[in-house]
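What follows is a short report on a single structure.
Number of protein chains: 2
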Amino acid sequence: MHSFEELALEFKKKFETKHFPTIPESLYASCDYFLAQGGKRVRPVMCLMGNELFDTINPDAWHVATAIELFHNFTLIHDDIMDAAPLRRGRQTVHTKYGDNTALLAGDVMLIVAYDYLNKINNNYLRRVLSLFNKTAREVCEGQQMDLDFEKKENVVLDEYIRMIELKTSVLLAASLQMGAILGGAGEGNRQHLYEFGKNLGIAFQVQDDYLDAFGNPEKFGKDVGGDIRQNKKTFLLIHALQVANDDQKKELLQLMQNNYENKVERVLNIFKACNIDEWAWALKQQYMDKAFHHLEETAVVSSRKKPLMELANFLVQREH
Amino acid sequence: MHSFEELALEFKKKFETKHFPTIPESLYASCDYFLAQGGKRVRPVMCLMGNELFDTINPDAWHVATAIELFHNFTLIHDDIMDAAPLRRGRQTVHTKYGDNTALLAGDVMLIVAYDYLNKINNNYLRRVLSLFNKTAREVCEGQQMDLDFEKKENVVLDEYIRMIELKTSVLLAASLQMGAILGGAGEGNRQHLYEFGKNLGIAFQVQDDYLDAFGNPEKFGKDVGGDIRQNKKTFLLIHALQVANDDQKKELLQLMQNNYENKVERVLNIFKACNIDEWAWALKQQYMDKAFHHLEETAVVSSRKKPLMELANFLVQREH
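Going line by line, the protein sequences match chains A and B.
Each residue of the first sequence is one higher than the last, beginning at 1 in my numbering.
Each residue of the second sequence is one higher than the last, beginning at 1001 in my numbering.
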């Protein structure tokens, strides 16, 4: 059994290989550039953990983990084009550095190379892994489209926001675990429990992310607190606040969203606090964590094997606030 | 055995099915819209022909043909974004009608659904077909990147232009035939000959396309003659003209490319004719057709089975000029 840190370190080492040809240099340099920016590599590690939960690591799990990480990076490159984001993790995004057209192609080719890694795995599970990978990939695109739609939509209901987060973020975490489980020979019941563990963990993570953006300790959070508020981003907090606020508060919130007052963040936070949005969000996060852990408990393997997944969950969601 | 027309008709019927889910409607309506615009469906028919050359049509060939046509449409949607093209076949492009972001996602999801069709085929050839599909898909992206690079490059050499056309256009025709052949149980030699037939046919087709844009009969050609010249597009003709023209002609050509004189097309055509570019291009096309037919002759099946492929070649390249 390996810890989260051990698997992450090992994956990072293996992932530092040449995934692409060299010519045309204008295309593949942009792919290499983006991958070299690193990342936590959470998804591939989840695949490895889902695998090791049932057996020693199947060599094919490394191929699937690589495919998952390439897929994830493809979505980031294309999302950055759509968001016209100049920076990611403090460095220029691919489209800023290489232009929109090359970034578009870099994403496309990264997705194709992900399928090349899937095609390396044993015939016994190629079809099942491909099927889950395709379904998940489609869902991630659907989630991104919903997110685009929400930007233009005035009233977003909490349920549809949760569905969007599920598709855009959670299903890939869930599927990463489940692909590992498939390669580990897990039965249908265990595969489902792991999927639900990953899915609920993903939603809890997003609730926390939205929470920290508003209520996080700037020193510990490391990000610009209030960024979502300044950008009028639809978050768990804003959507719920618009549902529970009284008429005056709602009117003020909507007015604040139309403008960029200097004290906008402070005023929105005051309304959030008056509506107990912070407590509500923390409880919602807890609710999804409980669901996640319930499914992990129900997974029929000896409990000592579940330790790395517990660690992972705590790494992702139990950050200080 | 079926003729090109019969296979095209049958494929079009089968392809008129629902390839995508319905939600989110904003995403999938754009996919449906683009596919409903039709097209000659040459590539999927080539897959079916490559298959029927060796045996009665394998049901899996329809899945692969569908995957190929979806892949081709994915490239068209993304290419139209890159070219900022307002129209395709007289109708609004996806990004013009639905916005760049949705068009980007529509292309992504179309590529993913193509892989879903590949995942339906028998285990016996899944891996080989996937491998060829991935390689080809990567190459098409590389060709598109080279095309983007050439726009900014002053001196494009004929050999690199041919390589770009090979990647951007020919390899998909070649691979379509070869995937059909794989499903038909063809041996390595025949698979290679068919690939070369498709590749050379594709280059001949592109030479002809460039030729007709400059020298075609406007009534028969149906397209706006001189479009490439007005847009300073790098074509077989322009690249060769810049190589063989004398100093005065070259100077005039370069000057014409910097401007949009009213008689630009006429003046460029005069230089082309003075340099015998028309004869050169027609001979070049013939040279690639000869290569293509040589490989078809070398394909070891009884010659009567090759009739539909002959028809196809003539449909694609023997258009009047």
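Glycine included, every Cβ here is placed at the ideal spot set by N, Cα and C.
Residue 232 (chain A) and residue 257 (chain A) have their C-alpha atoms roughly 6 angstroms apart.
Beta-bridge partners of residue 1145 (chain B) (DSSP): none assigned.
Beta-bridge partners of residue 92 (chain A) (DSSP): A:87. In the DSSP assignment, residue 1016 (chain B) falls outside any alpha helix (DSSP H), carrying neither H nor E. Contact residues of the region 1115-1132 of chain B toward chain A are 1115, 1116, 1119, 1123, 1126, 1127, 1130 and 1131 (C-beta to C-beta distance below 7 angstroms).
Judged by DSSP secondary structure, residue 283 (chain A) falls within the alpha helix (DSSP H) whose first and last residues are 277-298.
The beta carbon of residue 82 (chain A) falls within 8 angstroms of a beta carbon belonging to chain B, placing the residue at that interface. Residue-level contact by beta carbon holds for residue 109 (chain A) and chain B, with a gap shorter than 8 angstroms.
Residue 296 (chain A) does not reach chain B, its nearest Cβ partner there being about 29 angstroms away, counting only Cβ pairs nearer than 8 angstroms. Residue 26 (chain A) reaches chain B at 1145, 1148 and 1149, counting residues in chain order whose Cβ is nearer than 8 angstroms.
With respect to residue 199 (chain A), residue 176 (chain A) sits apart: the two C-beta atoms are not nearer than 8 angstroms. Interface residue (Cβ-Cβ distance to chain A less than 8 angstroms): residue 1076 (chain B) is not classified as such. Put simply, the region 1185-1205 of chain B touches the region 1050-1068 of chain B. At least three CB pairs are less than 8 angstroms apart.
Under a criterion of Cβ atoms nearer than 8 angstroms, the residues of chain B adjacent to residue 102 (chain A) are, in order, 1145 and 1148. The Cβ atoms of residue 1127 (chain B) and residue 119 (chain A) lie closer than 8 angstroms to each other. For residue 137 (chain A), the chain B residues whose C-beta falls within less than 7 angstroms of its own C-beta are 1112, listed in chain order.
One finds 78, 82, 141, 142, 144, 145 and 148 in chain A with Cβ atoms closer than 9 angstroms to the Cβ of residue 1105 (chain B), taken in chain order. Residue contact check for residue 1051 (chain B) against chain A: no CB pair falls below 8 angstroms. In the DSSP assignment, residue 1196 (chain B) falls within the unbroken alpha helix (DSSP H) covering 1188-1215. Rounded to whole angstroms, the gap between the alpha carbons of residue 1108 (chain B) and residue 1074 (chain B) is 7 angstroms. The region 10-27 of chain A and the region 75-85 of chain A do not touch, with fewer than three beta-carbon pairs separated by less than 8 angstroms. Between residue 232 (chain A) and chain B, the shortest Cβ-Cβ separation is not below 8 angstroms.
By the criterion of a C-beta distance shorter than 7 angstroms, residue 1026 (chain B) is surrounded in its chain by 1102, once the five residues flanking it on both sides are discounted. Contact between residue 1115 (chain B) and residue 134 (chain A) is confirmed by a C-beta separation of about 5 angstroms, below the 8 angstroms threshold. At a cut-off of 8 angstroms between beta-carbon atoms, residue 134 (chain A) makes contact with chain B. If the five residues before and after residue 1096 (chain B) are omitted, its C-beta is found closer than 6 angstroms to the C-beta atoms of 1086, all from its own chain and listed in chain order. Cα atoms of residue 1284 (chain B) and residue 186 (chain A): separation of roughly 59 angstroms, rounded to the nearest angstrom. Cβ-Cβ separation between residue 1089 (chain B) and residue 1069 (chain B): approximately 15 angstroms, too far for a contact (criterion under 8 angstroms). Contact between residue 202 (chain A) and residue 47 (chain A) is absent: CB atoms are separated by about 14 angstroms, not below the 8 angstroms threshold. Taking residue 1178 (chain B) as reference, the option from B:1262, B:1065, B:1249 and B:1259 with the minimal CA-CA separation is B:1065.
Scanning its chain for C-beta atoms nearer than 6 angstroms, with the 5 sequence neighbours on each side dropped, one finds around residue 60 (chain A) the residues 121, 122 and 183, in chain order.
Taking C-beta atoms as the reference points, residue 165 (chain A) and residue 208 (chain A) fail to come closer than 8 angstroms. Taking C-alpha positions only, residue 1079 (chain B) is separated from residue 238 (chain A) by approximately 38 angstroms. Membership of residue 1236 (chain B) in the alpha helix (DSSP H) is indicated by the continuous run 1236-1244. In this structure, the alpha-carbon of residue 1174 (chain B) lies about 50 angstroms from that of residue 155 (chain A).
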